[in-house]
Every structure is written in C-alpha cells, then in structure tokens.
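To convert a position in the sequence shown, counted from 1, into the working numbering, add 1. No residue lacks a Cβ here, since even glycine has one placed at the ideal position from N, Cα and C. Each remark here refers to the structure printed beneath this line.
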Amino acid sequence: MNQPIFNPWAPPLLNGFNPTSPDGCEDVDAAYVWPENNGFQTMTANQQLTVAIALDNDDDFRFMAFQWSLKGLDDGLNTPGFLYRIQDDAGNFISDGFEYCFCTPGTFANPWPMFPHVTYAVHQRIQFEVINLHNDVQGVQIVFRGPKRFRRVA
Numbered sequence: 002m003n004q005p006i007f008n009p010w011a012p013p014l015l016n017g018f019n020p021t022s023p024d025g026c027e028d029v030d031a032a033y034v035w036p037e038n039n040g041f042q043t044m045t046a047n048q049q050l051t052v053a054i055a056l057d058n059d060d061d062f063r064f065m066a067f068q069w070s071l072k073g074l075d076d077g078l079n080t081p082g083f084l085y086r087i088q089d090d091a092g093n094f095i096s097d098g099f100e101y102c103f104c105t106p107g108t109f110a111n112p113w114p115m116f117p118h119v120t121y122a123v124h125q126r127i128q129f130e131v132i133n134l135h136n137d138v139q140g141v142q143i144v145f146r147g148p149k150r151f152r153r154v155a
C-alpha cells in the first residue's frame, strides 16, 4: 500500500515537516471552515456566491492547503461538483480562472497544497467565489488549512 503515514491531528512538526515560524512568531496548525457552522452550504442549481471569511482578531493566517466536501441533497449519485477561485491577501485571484473542485482532490488526511502560500494579516478576510455546477441543489463545504501565526511578545 503506497499511502503515506500521516497523522492529520498532529501539527506539521510532529509529522516530519520542519517548523516554518519566522523569528518572533509561533505557528499553530489551524483551519477555517465554510460555512462556519461546520455543516454544508446548500446551493441551488447554478448558484454563484461571493464569500468572505473573517479571521480571528489575534493572529495572522498562512493559507497552505485546501480541502472540500460535497453532499448531494437529491439522490447523491450524480453530483458534478463546483467551480471556485480564491483571492490572495492583496485582493488578486490566485488562479487566472475558476478551478474545478475535482482537479484539487484534497482530503482531511492529505489536503491539496496551495501555491503560492498566502499570509492573511489579522485585519483581512479570506475571500473566494464558488459556483454550483449541479442542475439541482447540493451541499458544499470548503476548508482552508494552514498555521495561525501568533506574534511572540518579548
């Protein structure tokens, strides 16, 4: 079996990744989930949403990985997915166009890595657009993974 050994609940340092905290900072593994109630956002046929997720007030967030989940609300067998695009910290889109969700197959244990990594400051929001491709309703959940960056007080 070629599955990597990875503990999704452990911080990156304990999974063999080097710590990437800059001097004067401490990174803690975190995630921002949309919708924020940890369920699924019900989207109607071909619905397009522009969404902003407010960050916590006491830390920066370094967006490094992406994962998503679908829930078919009709028969669940013919869910075609969704399109999305994400803005960076300067308000520019990371990709030239919309990305198809099945082209970035991130899972909880192995989220899809995002490049370039984007660091959102305390006062910023994660902004993105999502388009339902289903001709009926479906549930969508999106998770932004990466470390929260706390500044150390000397």
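Whole runs of the beta strand (DSSP E) within the segment 34-94, excluding any shorter than 3 residues: 42-44, 49-55, 61-73, 83-87
Kindly indicate which residue of 144, 121, 133, 130 has the alpha-carbon position closest to the one of residue 59. Position 58 of the sequence shown, counting from 1, holds the residue named residue 59. Of the candidates 144, 121, 133, 130, the one whose C-alpha sits nearest the C-alpha of residue 59 is 121.
Which residues in the same chain as residue 51 place their Cβ atom closer than 7 Å to its Cβ, once the five residues preceding and following it in sequence are excluded? Residue 51 sits at position 50 when you count from the first residue of the sequence shown. Counting only Cβ-Cβ distances below 7 Å, and skipping sequence neighbours, we find 130.
In terms of residues, what are the limits of the beta strand (DSSP E) holding residue 118? The residue given as residue 118 occupies position 117 in the sequence shown. Run containing residue 118: 113-121, per the beta strand (DSSP E) assignment.
Rounding to the nearest angstrom, what Cα-Cα distance links residue 24 and residue 150 in this structure? Taking the first residue of the sequence shown as 1, we reach residue 24 at position 23. Taking the first residue of the sequence shown as 1, we reach residue 150 at position 149. The alpha-carbon atoms of residue 24 and residue 150 are separated by roughly 11 Å.
Tell me, please, whether the segment 140-154 touches the segment 24-37 by the rule of three or more beta-carbon pairs shorter than 8 Å. yes
Under DSSP, the beta strand (DSSP E) around residue 133 begins and ends at which residues? On the sequence shown, position 132 is the one that residue 133 refers to. Counting along the chain, the beta strand (DSSP E) containing residue 133 begins and ends at 126-133.
Buried or exposed: which applies to residue 61, given that a residue is buried once 16 or more other Cβ atoms fall within 10 Å of its Cβ? As a first step, residue 61 must be located in the sequence shown, where it is residue number 60. Buried, since its Cβ has 16 or more Cβ neighbours within 10 Å.
Residues in its own chain within less than 8 Å of residue 90 by CB, not counting five upstream and five downstream? For the purposes of this step, residue 90 is identified with residue 89 of the sequence shown, where counting begins at 1. So the list reads 119, 120, 121, 122, 125, once near-sequence residues are dropped.
Nonlocal neighbours in the same chain, by C-beta distance under 8 Å from residue 40, ignoring five residues either side: Numbered from its first residue, the sequence shown carries residue 40 at position 39. Only 140, 142 meet the Cβ criterion.
Given a cut-off of 8 Å, decide if residue 86 and residue 99 are closer than it, judged by their beta-carbon atoms. Taking the first residue of the sequence shown as 1, we reach residue 99 at position 98. Taking the first residue of the sequence shown as 1, we reach residue 86 at position 85. Yes, they are a contact pair.
CB residue 94 to CB residue 133, shorter than 8 Å? For this step, residue 94 is matched to residue 93 along the sequence shown. For this step, residue 133 is matched to residue 132 along the sequence shown. Going by C-beta atoms, residue 94 is not nearer than 8 Å to residue 133.
Put residue 103 into one of helix, strand or coil per three-state DSSP. In the sequence shown, counting from the first residue as 1, residue 103 sits at position 102. It is helical.
Measuring only the C-alpha atoms, how far is residue 26 from residue 154? Translated into positions along the sequence shown, residue 26 becomes position 25. Translated into positions along the sequence shown, residue 154 becomes position 153. Residue 26 and residue 154: Cα-Cα distance of roughly 9 Å.
Beta strand (DSSP E) segment containing residue 141, residue limits: To locate residue 141, count along the sequence shown from 1; it is residue 140. Here the beta strand (DSSP E) through residue 141 covers 139-152.
Closest Cα partner of residue 113 within the set 70, 22, 42: Position 112 of the sequence shown holds residue 113. Nearest C-alpha to residue 113: 70.
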